[in-house]
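Engineer: Quick one: this structure, given as structure tokens, is what I'll be asking you about.
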Amino acid sequence: CGQGSTDDELSPSLVSSLWGVQIGGVAAGLWHTICTSVEGQVYAFGGNQFGQLGTGNDQAE
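In structure tokens, the structure reads:
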């Protein structure tokens, strides 16, 4: 997730949708990741079975 796929990523990789975004902070759970930009924008991706991404649904993104 974050790469347009539900496959596991076994090594670090660039999240292309964040290209050019200056990240100020990162927090991660077992299946999801939340990033904040230095401008205060929030980006969430990964597993979402309990709504932890805050998108209003329970679909992985």
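Numbering (the numbering used here), first residue to last: 6 to 66. Backbone N, C-alpha and C fix where the C-beta goes; we use that ideal spot for every residue, glycine too. Just so it is clear, the structure is predicted and the values come from calculations on it, not from any experiment.
Please name the residue in D63, G59, V47 and S22 whose C-alpha comes closest to that of G30.
Structural biologist: Cα-wise, what sits closest to G30 is V47.
Engineer: G52: which of V43, C40, G34 and G45 sits nearest, CA to CA?
Structural biologist: G34
Engineer: What did DSSP end up calling S42 once you bin it into helix, strand or coil?
Structural biologist: strand
Engineer: Assuming S16 contacts V26 (C-beta within less than 8 Å), just tell me the rounded distance between them.
Structural biologist: That pair is no contact at about 21 Å.
Engineer: Just grab the DSSP bridge partners of A49 for me.
Structural biologist: Within the DSSP bridge table, the entry for A49 names I39 as partners.
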